[in-house]
Amino acid sequence: MSWLIAVFVLGLLVLVHEAGHFFVARASGVRVLRFSIGFGPLVWKRTLGGTEYAVSLLPLGGYVKMAGEEPGEGASHRPDEFLSQPIGVRARIIAAGPLVNALVSVLTLWVVLVTGYPELLPVVGKLVDDMPAQAAGLQTGDRIQTINGQPIRTWDELTQRVQRAVDQPLMVTIERHHAPVQLTIIPKPREITDPFGRQRRVGLIGVSPSGEFATYRVSPIEAVGKTIHKEGEWLSQIGLSLWSLSTGKVSAKESLTGPIGILYIASEAAQMGLGSLLYLVSLFSLSLAVFNVFPVPILDGGHLLFLALEKLKGKPVSSRVQEKAAQVSMALLLALVVMVCLNDLSRFGLMDKLAGLWKPN
Numbered sequence: 001m002s003w004l005i006a007v008f009v010l011g012l013l014v015l016v017h018e019a020g021h022f023f024v025a026r027a028s029g030v031r032v033l034r035f036s037i038g039f040g041p042l043v044w045k046r047t048l049g050g051t052e053y054a055v056s057l058l059p060l061g062g063y064v065k066m067a068g069e070e071p072g073e074g075a076s077h078r079p080d081e082f083l084s085q086p087i088g089v090r091a092r093i094i095a096a097g098p099l100v101n102a103l104v105s106v107l108t109l110w111v112v113l114v115t116g117y118p119e120l121l122p123v124v125g126k127l128v129d130d131m132p133a134q135a136a137g138l139q140t141g142d143r144i145q146t147i148n149g150q151p152i153r154t155w156d157e158l159t160q161r162v163q164r165a166v167d168q169p170l171m172v173t174i175e176r177h178h179a180p181v182q183l184t185i186i187p188k189p190r191e192i193t194d195p196f197g198r199q200r201r202v203g204l205i206g207v208s209p210s211g212e213f214a215t216y217r218v219s220p221i222e223a224v225g226k227t228i229h230k231e232g233e234w235l236s237q238i239g240l241s242l243w244s245l246s247t248g249k250v251s252a253k254e255s256l257t258g259p260i261g262i263l264y265i266a267s268e269a270a271q272m273g274l275g276s277l278l279y280l281v282s283l284f285s286l287s288l289a290v291f292n293v294f295p296v297p298i299l300d301g302g303h304l305l306f307l308a309l310e311k312l313k314g315k316p317v318s319s320r321v322q323e324k325a326a327q328v329s330m331a332l333l334l335a336l337v338v339m340v341c342l343n344d345l346s347r348f349g350l351m352d353k354l355a356g357l358w359k360p361n
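Quick note on numbering: the sequence shown equals residues 1 to 361 in this note's numbering.
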């Protein structure tokens, strides 16, 4: 069931993206010939109002086909054709897809914050031998309440406070058997490489979480500020990831996840509950919006780039150049997708699971 939910979620993100193009095109007076979701075998098709609606088996993409979208088709210059529209109208139609994904990300995250989201509690699980936490007397099951007098609500807050306190004594108040206990812990310095390929010196005390969760909620007004902050944080992390990838600080094999990986992660989130799934939907939707504005010819960002060049030159980029650029970028993108999918199968252990299905009992 979790895999079916994951497939539905991925299809929904594609649907809202293409719906953005569709509704803005219709509102701009452009005739839409086909609205298609998915690839592979056709599951459903129907023509309504002059538009053919189609759904295919694999919800890994989609497209909106508009009248006169290709240069050769726009020769009639009918007012309801895409290429007959001013540059501003065409740009608005193209930008609508990523914009809707960004709006879905914001709205979904706000809903998660208001209705409740799971947070990992600062409860000690395992202790590492010969590390500061064990030496100070911390025990499995202890719940961290404060550090230097400041309340600690989640495991993430605990991690951030400890990592910043290299060789600095921390006055830690814990709850043990319903009674408060105070300890002094001095984090040990350690050089690490973060997910963005940066070398950092952090403090470690040698503990892992117990895995206990609690659901937290905030007011609708407070959720607005938290949503803006988290969306900005995600955008910053996406930008930093792309920079680290382009400069070779991290490898594509370690940092990129494709459709298979997304389905696997979404299925795992679905098992944790609706809050975790919607949180992931918000992140995926924002990532999809950012990915689609890349200046790659077959993506929305590539089309916007051609429109910008048309505005600067005073005439469209030749159809031959656009066609060749699209062919090259399609080949490169397909190669990247295949590489990432194979890597996902290995990274998440799916190859072993598939092989296990064929082994005799």
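Backbone N, C-alpha and C define an ideal beta-carbon position, used for all residues, glycine too.
The structure displayed is predicted, hence computed values, not measured ones.
Can you tell me whether residue i is buried or exposed, with buried defined as 16 or more other CB within 10 angstroms of its CB?
| i | result |
| --- | --- |
| A335 | exposed |
| Y216 | exposed |
| M66 | buried |
| V9 | buried |
| A223 | buried |
| S251 | exposed |
| P220 | exposed |
| A27 | exposed |
| D142 | buried |
| S346 | exposed |
Cβ of residue i within 8 Å of Cβ of residue j?
| i | j | result |
| --- | --- | --- |
| S196 | S241 | Correcting the residue identity first, residue 196 is Phe in this sequence and not Ser. Taking 8 Å as the Cβ cut-off, F196 and S241 qualify as a contacting pair. |
| V124 | S210 | yes |
| A6 | A266 | yes |
| D344 | T227 | no |
| V207 | L138 | yes |
| L121 | T146 | no |
| L109 | L288 | no |
| E323 | L286 | no |
| V100 | V218 | no |
| A325 | P297 | yes |
| P132 | A165 | no |
| E191 | R201 | yes |
| S36 | G20 | no |
| L305 | V111 | no |
| G29 | P79 | yes |
| P41 | G11 | no |
What is the DSSP secondary structure of residue i, reduced to helix, strand or coil?
| i | result |
| --- | --- |
| L33 | strand |
| V43 | strand |
| T227 | helix |
| L12 | helix |
| G61 | strand |
| V275 | This sequence places Gly at residue 275; Val is not what is there. Looking at G275 - three-state DSSP - the assignment turns out to be helix. |
| G362 | Outside the shown range of the chain (1 to 361) lies residue 362, about which nothing can therefore be said. |
| V296 | coil |
| S329 | helix |
| P79 | coil |
| A417 | The structure shown does not extend to residue 417, since the chain spans only 1 to 361, so no value can be given for it. |
| V207 | strand |
| G232 | helix |
Taking residue i as the reference, give the member of the options with the closest Cα.
| i | options | result |
| --- | --- | --- |
| F39 | A25, S56, T47, K45 | S56 |
| E81 | E323, V9, G88, E69 | E69 |
| V106 | E233, V338, W243, S244 | E233 |
| G50 | V207, V32, V43 | V32 |
| V181 | M171, P118, P189 | M171 |
| G314 | H77, P41, Y53, P86 | P86 |
| L204 | A135, Q237, V290, G116 | A135 |
| L309 | E175, K249, G88 | G88 |
| V64 | L235, A25, A165, V104 | A25 |
| C341 | S282, S318, L263, A270 | L263 |
| F284 | L235, G248, G301 | L235 |
Relative to the ligand ATP, is the shortest distance from any of its heavy atoms to the C-beta of residue i smaller than 7 Å?
| i | result |
| --- | --- |
| K226 | The ligand ATP is not part of this structure, which contains no ligands at all. |
### Task
Counting only runs of 4+ residues fully inside the segment 131-202, write out the alpha helix (DSSP H) ranges in chain order.
The segment 131-202 contains these whole alpha helix (DSSP H) runs: 132-136, 155-164.
### Query
Mind pulling the beta strand (DSSP E) runs of 3 or more residues that sit fully within the segment 92-137?
The qualifying runs are 117-120, 124-127.
### Message
For a minimum of 3 consecutive residues, which ranges assigned as the beta strand (DSSP E) are wholly contained in the segment 301-327?
### Response
Runs of the beta strand (DSSP E) lying entirely within the segment 301-327 and spanning at least 3 residues: none are present.
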